[in-house]
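First residue of the sequence shown: 0, per numbering that gives the first Met the number 0; consecutive thereafter.
For each residue, glycine too, the CB sits at the ideal point set by N, CA and C.
This report concerns only the one structure given below.
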Amino acid sequence: MTFSSIHPTCPLCQSPRVMSRNWARKAAGAIGCAAGATGGFVGALRGAQIGIASGLMTGPAGSTIGGIAGAVLGGLAGTAIGCEVGTSVGKTIDARMLDNFKCLECKHVFARQESTCGYVDSD
Ligand SMILES: [Zn+2]
Numbered sequence: 000m001t002f003s004s005i006h007p008t009c010p011l012c013q014s015p016r017v018m019s020r021n022w023a024r025k026a027a028g029a030i031g032c033a034a035g036a037t038g039g040f041v042g043a044l045r046g047a048q049i050g051i052a053s054g055l056m057t058g059p060a061g062s063t064i065g066g067i068a069g070a071v072l073g074g075l076a077g078t079a080i081g082c083e084v085g086t087s088v089g090k091t092i093d094a095r096m097l098d099n100f101k102c103l104e105c106k107h108v109f110a111r112q113e114s115t116c117g118y119v120d121s122d
């Protein structure tokens, strides 16, 4: 994926001064992080339960340590996965659906051109 490093030119005035808007990536990334944090919270609870249960075999101290470790790991994993999924979904939406680029010279808004990527956009 070389998506973020591509700078197309404006199809109207041929200016290279074009900015990428990436609305969907930002929005989906934020949603994914929020969902991941929620999922991470559930994962933290489950991790804590598992940690406590497995720690019971080694005594009260093991149960406490196991619970904390399980909660931390569950929370981190859930948030990271949510952000990753949300951002990648947003990138796909940006790349395929939205008018994702804006010319800074003539203000023309346009979608990514087919020559900058492996797929062909027939529109
Ligand atoms: Zn232009």
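Return yes when the Cβ of residue j is within less than 8 Å of the Cβ of residue i, no when it is not.
i	j	result
Gly-148	Leu-72	Shown here, the chain extends from 0 to 122; a query on residue 148 therefore has no answer.
Val-17	Cys-102	yes
Asn-21	Asp-93	yes
Ala-43	Gly-74	yes
Gly-35	Ala-79	yes
Which residues in the same chain have their Cβ closer than 6 Å to the Cβ of residue i, if we skip the five residues on either side of it in sequence?
i	result
Gly-61	Gly-54
Gly-66	Ala-47, Gly-50, Ile-51
Ala-70	Ala-43, Gly-46, Ala-47
Gln-13	none
Gly-58	none
Just to check my reading of the structure: residue i and residue j have Cβ atoms closer than 8 Å, yes? What is that Cβ distance to the nearest angstrom?
i	j	result
Thr-91	Gly-28	So it is not a contact: roughly 12 Å between Cβ atoms.
Gly-31	Val-84	5 Å
Would you call residue i buried or exposed, if buried means 16 or more other Cβ atoms sit within 10 Å of its Cβ?
i	result
Gly-50	buried
Cys-105	exposed
Gly-89	buried
Excluding five sequence neighbours on each side, which residues of the same chain lie with their C-beta closer than 8 Å to the C-beta of residue i?
i	result
Ala-76	Gly-39, Gly-42
Ile-64	Gly-50, Gly-54
Met-56	none
Arg-24	Thr-86, Gly-89, Lys-90, Ile-92, Asp-93
Can you list, in chain order, the residues of its chain whose CB lies under 7 Å from that of residue i, leaving out five sequence neighbours each side?
i	result
Ala-19	First, the amino acid is wrong: residue 19 is Ser here, not Ala. Within the same chain, Ser-19 has close Cβ partners Asn-99, Phe-100.
Ala-26	Gly-89
Checking contacts by CB at 8 Å: is residue i closer than that to chain B?
i	result
Arg-45	Among the chains of the structure shown, chain B does not appear; only one protein chain is present.
Going residue by residue through the region 17 to 80, where are the continuous beta strand (DSSP E) segments of at least 3 residues, counting only ones entirely within it? 17 to 19
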